[in-house]
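S.K.: Heads up, the sequence shown is in my numbering, so the first residue is 15 and it goes up one at a time. Below is a structure I'd like to ask you about.
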Amino acid sequence: MLNNYLLNPALSGIENYTDVRLGHRKQWSGLSDAPQTSFITANWSLGDQYLWPNPLSFDEKGDNPMQRNYQQHYTSSPAHHGMGILIANDHAAQINSTVLGISYAYHLQMNGRLNLSMGLSGGFNRTSINTAGLLMESPSDPALANATRNAFNPDLSIGTWLYGPDFFAGISVQQLVAQTMVFNEDQQYNHSKQIPHVFATAGYKVFFAEDFYVLPSVMAKIVTNTPTSVDANFKMGYRDRAWIGAGYRANDAMVAMAGVNISQLFNVTYSYDFTASPLNQVSNGSHELVIGLLLNNVYKVFCPQNMW
Numbered sequence: 015m016l017n018n019y020l021l022n023p024a025l026s027g028i029e030n031y032t033d034v035r036l037g038h039r040k041q042w043s044g045l046s047d048a049p050q051t052s053f054i055t056a057n058w059s060l061g062d063q064y065l066w067p068n069p070l071s072f073d074e075k076g077d078n079p080m081q082r083n084y085q086q087h088y089t090s091s092p093a094h095h096g097m098g099i100l101i102a103n104d105h106a107a108q109i110n111s112t113v114l115g116i117s118y119a120y121h122l123q124m125n126g127r128l129n130l131s132m133g134l135s136g137g138f139n140r141t142s143i144n145t146a147g148l149l150m151e152s153p154s155d156p157a158l159a160n161a162t163r164n165a166f167n168p169d170l171s172i173g174t175w176l177y178g179p180d181f182f183a184g185i186s187v188q189q190l191v192a193q194t195m196v197f198n199e200d201q202q203y204n205h206s207k208q209i210p211h212v213f214a215t216a217g218y219k220v221f222f223a224e225d226f227y228v229l230p231s232v233m234a235k236i237v238t239n240t241p242t243s244v245d246a247n248f249k250m251g252y253r254d255r256a257w258i259g260a261g262y263r264a265n266d267a268m269v270a271m272a273g274v275n276i277s278q279l280f281n282v283t284y285s286y287d288f289t290a291s292p293l294n295q296v297s298n299g300s301h302e303l304v305i306g307l308l309l310n311n312v313y314k315v316f317c318p319q320n321m322w
């Protein structure tokens with residue numbers, strides 16, 4: 015959950031700056047040809063009106079969204095539009111998949127402290143197979159000899175996100191339209207399918223001192239004919255400068271994570287997964303690093319106000 019925008023297009027334009035994130039995840043380190051994911055995302059609000067009006071003054075150090083006083087004086091964003099782009103690449107053994115998408119969201123002001131956003135994204139997915147790297151019993155296997163190396167499919171996602179000063183909740187559907195990936199036109203061979211993935215997310219922020227807070231959150235991934243995956247996370251932070259956290263992914267991994275907001279332009283987040291499944295016999299864990307940029311940061315904040 016280091017970049018919720020990847021999972022829910024309704025987050026497009028949720029902040030008052032252009033939110034750019036670059037990330038890389040290396041899964042099951044130590045295992046040959048293990049999955050790796052790289053991404054770059056950017057999203058921003060549309061229009062000239064500055065968002066997030068707040069009665070607190072904005073000095074040269076900027077506002078501190080992770081402070082109890084800020085939460086008490088929080089004002090919801092006026093209705094606005096948001097857009098975003100994402101490029102993501104997944105690589106596992108001989109299979110490589112690249113997604114390119116554009117997103118849009120509308121943020122509705124429900125009342126003085128609550129917003130509801132609805133978003134969608136569209137693009138395409140290119141999946142390729144490096145057949146030269148496959149070990150086959152029969153080098154002339156017709157299923158591969160006559161196969162194309164690439165499959166292109168449209169990609170569509172929708173989502174909604176409800177947020178306020180101390181909580182968020184959202185649900186999204188990725189790969190909304192099930193697609194068949196055809197690598198061989200011969201109907202006697204099975205074709206792979208991309209099926210919808212449902213993500214449900216929620217979190218709640220609690221201050222136990224003026225500058226210290228905790229944030230428990232949960233995310234569930236639901237895919238047809240597969241067990242539901244549940245992530246439970248717990249973060250503790252100091253002001254708008256740093257946080258640490260731990261998480262558990264049911265029957266899969268325990269997670270340690272931390273983030274540092276270095277300046278009004280730059281932040282870094284890292285997580286390490288301790289493999290808890292039988293793969294721990296061959297895996298040295300999983301690493302994920304995300305670098306964030308806060309461009310056009312009008313209010314000079316050090317961290318997101320609602321995309322925690």
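Idealized CB from N, CA, C, for every residue including glycine. Source: prediction; values computed, not measured.
1. Which ranges would you report for the beta strand (DSSP E) in the segment 21 to 101 if only whole runs of at least 3 residues count?
2. The beta strand (DSSP E) that contains I116, what's its start and end?
3. Tell whether a beta-carbon distance below 9 Å holds between L176 and P23.
4. Among N139, Q81 and L122, which residue has its Cα nearest to the Cα of I101?
5. Within the same chain, show all residues whose beta-carbon is closer than 8 Å to that of Q85, passing over the 5 residues directly before and after it, in chain order.
6. Are the CB atoms of H105 and S59 within a distance shorter than 9 Å?
7. Can at least three beta-carbon pairs, one atom from the segment 31 to 38 and one from the segment 292 to 300, be found at a separation below 8 Å?
8. Per DSSP, which one or two residues make a beta bridge with H129?
9. DSSP three-state label for L293, please.
10. With C-beta atoms as the reference, is Q81 less than 9 Å away from E224?
11. Within a Cβ cutoff of 8 Å, which residues of the same chain sit near V282, ignoring the five residues on either side of it in sequence?
12. The beta strand (DSSP E) with E302 in it runs from where to where?
13. Do you know offhand how far A48's Cα is from N17's?
14. Let me know the secondary structure DSSP gives N8 once reduced to three states.
15. For I327, which three-state DSSP category applies?
16. By the 10 Å Cβ neighbour count, where 16 or more other Cβ atoms means buried, how is H87 classified, buried or exposed?
17. Round the Cβ separation of G98 and S26 to the nearest angstrom and send it over; I've been treating them as touching at under 8 Å.
18. Below 8 Å on the Cβ atoms is my contact criterion, and I expect I172 with S186 to pass it. Report the Cβ-Cβ distance as a whole number of Å.
19. Are N110 and I143 touching if we call contact CB-CB under 9 Å?
20. Quick check: the Cα distance between F248 and A183, rounded to an integer number of angstroms?
21. Using DSSP's beta-bridge definition, name the partner residues of V232.
22. Beta-carbon within less than 8 Å of Y284's beta-carbon, same chain only, minus the 5 sequence neighbours each way: which residues are those?
23. Give the single residue among E29, L21 and G261 whose Cα lies nearest to the Cα of Y313.
24. Can you name the residues that DSSP bridges to K314?
25. Within 10 Å of its beta-carbon, does F72 have 16 or more other beta-carbons around it, so buried, or fewer, so exposed?
26. Secondary structure at I258, three-state DSSP: helix, strand or coil?
27. Which word fits F166, buried or exposed, when buried means at least 16 other C-beta atoms lie within 10 angstroms of its C-beta?
28. Going by the beta-carbon positions, is the gap between Q260 and S291 smaller than 9 Å?
29. Please go through the same chain and pick out, in chain order, the residues whose beta-carbon is closer than 6 Å to the beta-carbon of V244, but skip the five residues on each side of it.
30. In its own chain, which residues sit with a C-beta less than 6 Å from the C-beta of L170, not counting the 5 before and 5 after it?
31. If you compare alpha carbons, which of G115, Y252 and S91 is closest to G126?
M.R.: Here's the rundown:
1. 32 to 40 and 50 to 59
2. Along the sequence shown, one-based indexing puts residue 116 at 102. First-last of the beta strand (DSSP E) with I116: I109 to N125.
3. For the purposes of this step, residue 176 is taken as residue 162 along the sequence shown, with counting starting at 1. For the purposes of this step, residue 23 is taken as residue 9 along the sequence shown, with counting starting at 1. Cβ distance not < 9 Å, so L176 and P23 don't count as in contact.
4. To locate residue 101, count along the sequence shown from 1; it is residue 87. With distances taken between Cα atoms, I101 lies closest to N139.
5. What you label residue 85 is simply residue 71 of the sequence shown in a count that begins at 1. Correct list, in chain order: P179, D180, K219 and F221.
6. Within the sequence shown, residue 59 is the residue found at index 45, counting from 1. Within the sequence shown, residue 105 is the residue found at index 91, counting from 1. Not closer than 9 Å, so no.
7. no
8. For the purposes of this step, residue 129 is identified with residue 115 of the sequence shown, where counting begins at 1. The sequence shown places Asn at residue 129, rather than the His named in the question. In DSSP, N129 forms a bridge with Q123 and Y177.
9. Taking the first residue of the sequence shown as position 1, residue 293 is located at position 279. It is helical.
10. Residue numbering aside, residue 81 sits at position 67 when the sequence shown is read from its first letter. Residue numbering aside, residue 224 sits at position 210 when the sequence shown is read from its first letter. Yes, Cβ-Cβ distance for Q81 and E224 is below 9 Å.
11. Against the sequence shown, residue 282 aligns to sequence position 268. For V282, where only same-chain residues beyond five positions count, the Cβ hits under 8 Å are G273, V274, I276, L303, V304, I305 and G306.
12. As a first step, residue 302 is located in the sequence shown; it is residue number 288 there, counting from the start. Start and end: S300 to L309.
13. As a working note, residue 48 is residue 34 in the sequence shown. As a working note, residue 17 is residue 3 in the sequence shown. Going from the Cα of A48 to the Cα of N17 covers about 21 Å.
14. Outside the modelled stretch of the chain, which goes from 15 to 322, sits residue 8, for which no answer is possible.
15. Because the chain in this structure spans residues 15 to 322, residue 327 falls outside the shown range and cannot be described.
16. Along the sequence shown, read from residue 1 onward, the residue named residue 87 stands at position 73. Answer is exposed; the Cβ neighbour count stays below 16.
17. Within the sequence shown, residue 98 is the residue found at index 84, counting from 1. Within the sequence shown, residue 26 is the residue found at index 12, counting from 1. The Cβ separation is near 4 Å, so the contact holds.
18. The count along the sequence shown starts at 1 and reaches residue 172 at position 158. The count along the sequence shown starts at 1 and reaches residue 186 at position 172. Contact holds; Cβ gap of about 7 Å.
19. For this step, residue 110 is matched to residue 96 along the sequence shown. For this step, residue 143 is matched to residue 129 along the sequence shown. Closer than 9 Å, so yes.
20. Along the sequence shown, read from residue 1 onward, the residue named residue 248 stands at position 234. Along the sequence shown, read from residue 1 onward, the residue named residue 183 stands at position 169. Rounded to whole angstroms, F248 to A183 spans 15 Å at the Cα level.
21. Residue mapping note: residue 232 aligns to position 218 of the sequence shown, counting from 1. Per DSSP, A216 and A246.
22. By one-based count along the sequence shown, residue 284 stands at place 270. So the qualifying residues of the chain are M271, A272, G273, H301, E302, L303 and V304.
23. For the purposes of this step, residue 313 is identified with residue 299 of the sequence shown, where counting begins at 1. Nearest C-alpha to Y313: E29.
24. Taking the sequence shown and counting its residues from 1, the one referred to as residue 314 is at position 300. Per DSSP, none; premise fails for K314.
25. Residue numbering aside, residue 72 sits at position 58 when the sequence shown is read from its first letter. Caution is warranted here: a pLDDT of 43 is assigned to F72, below 50, making its placement in the model unreliable, and the coordinate value is therefore given only provisionally. The residue in question, F72, is exposed, as its Cβ has fewer than 16 Cβ neighbours within 10 Å.
26. For the purposes of this step, residue 258 is taken as the residue at position 244 of the sequence shown. Reduced to three states, the DSSP call for I258 is strand.
27. Position 152 of the sequence shown holds residue 166. Exposed, because fewer than 16 other Cβ atoms sit within 10 Å of the Cβ of F166.
28. For this step, residue 260 is matched to residue 246 along the sequence shown. For this step, residue 291 is matched to residue 277 along the sequence shown. It should be noted that the sequence gives Ala, not Gln, for residue 260. Not in contact: A260 and S291 (Cβ atoms no closer than 9 Å).
29. Along the sequence shown, read from residue 1 onward, the residue named residue 244 stands at position 230. A234 and A264, listed in sequence order.
30. Here residue 170 refers to the residue found at position 156 of the sequence shown. Taken in chain order, the residues that qualify are G136, L190 and V191.
31. Reading the sequence shown from its first residue, position 112 is the one you call residue 126. Minimum Cα distance to G126 is reached at S91.
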